[in-house]
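One structure below.
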Amino acid sequence: MGDELGDRTATADAAVAPSRPQPKLDTAITPVIQAEQVHIPTPAWGALAQQDLARVEAGLAAAARATPEAAPPAKDPSLGWAAIAAGVATAILHGFAVSVAAAHDAQASTVLAWIAIACSPVAVILGIVAVVLGRGRVPGVLGALVGLFANPWILLQTLTLVAP
Numbered sequence: 026m027g028d029e030l031g032d033r034t035a036t037a038d039a040a041v042a043p044s045r046p047q048p049k050l051d052t053a054i055t056p057v058i059q060a061e062q063v064h065i066p067t068p069a070w071g072a073l074a075q076q077d078l079a080r081v082e083a084g085l086a087a088a089a090r091a092t093p094e095a096a097p098p099a100k101d102p103s104l105g106w107a108a109i110a111a112g113v114a115t116a117i118l119h120g121f122a123v124s125v126a127a128a129h130d131a132q133a134s135t136v137l138a139w140i141a142i143a144c145s146p147v148a149v150i151l152g153i154v155a156v157v158l159g160r161g162r163v164p165g166v167l168g169a170l171v172g173l174f175a176n177p178w179i180l181l182q183t184l185t186l187v188a189p
């Protein structure tokens, strides 16, 4: 029985004639499959690199010729100057309140003092915002200090501490 099976396989192998060469299977090397070569059109890599380099150089040259972007505009120091103006207004109002009080008009001096007290925080807040935003830092600090010390209540407390 074993011989019959062996004869059948031998005749079947002989009946199928290989149309192409068969790779050797007894070696450890992977067989190479014979395939038809296909031409894939690819440009020369040197030419591509030259084109890319030329494009980059042209872009750099155009950027160098272009007018440089304007620097960001300088921050407007008007906020710091507004703090100084509010601080000076507080001091002037306080001065008027004192002069009106010296003229024995208590009601008018009280109203002016309350207006000065209301203007003082405006000067201080404007000064702090100017310092934080960088929009007139030095004038902002000065305006905040003037507004703080021109406040009638703070001035009274300060003079009370200094007075003998």
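Counting in my numbering, the sequence shown runs without a single skipped number right up to 189 at its last residue. Virtual Cβ for every residue (Gly too), placed ideally from N, Cα, C.
What span of residues does the alpha helix (DSSP H) with residue i cover, start to end?
| i | result |
| --- | --- |
| H119 | 103 to 127 |
| P164 | 162 to 174 |
| Q132 | 131 to 158 |
| Q182 | 177 to 187 |
Report back the beta-carbon spacing between residue i and residue j to the nearest angstrom; my notes put them in contact at under 8 Å.
| i | j | result |
| --- | --- | --- |
| V176 | T115 | According to the sequence displayed, residue 176 carries Asn and not Val. The Cβ separation is near 7 Å, so the contact holds. |
| A138 | G172 | At roughly 15 Å, the Cβ-Cβ gap does not stay under 8 Å, so A138 and G172 are not in contact. |
| L104 | L151 | 6 Å |
| G159 | K100 | 5 Å |
| A141 | A122 | 6 Å |
| P102 | G161 | 3 Å |
| R80 | Q59 | Incorrect: roughly 42 Å between the Cβ atoms, too far for contact. |
Sorted by chain position, which residues of the same chain lie with C-beta nearer than 6 Å to residue i's C-beta, five sequence neighbours on each side aside?
| i | result |
| --- | --- |
| A126 | S134 |
| Q62 | none |
| T183 | none |
With a CB to CB cut of under 7 Å and the five nearest residues on each side skipped, what residues in its chain are close to residue i?
| i | result |
| --- | --- |
| V113 | V171 |
| A111 | C144, V147, A148, L151, G168, G172 |
| L118 | L137, I140, A141, C144 |
| V154 | L104 |
| Q75 | none |
So, for residue i: in the same chain, excluding its five sequence neighbours on each side, which residues have a beta-carbon less than 8 Å away from its beta-carbon?
| i | result |
| --- | --- |
| A89 | none |
| W15 | The first residue shown for the chain is 26 and the last is 189, placing residue 15 beyond what the model contains. |
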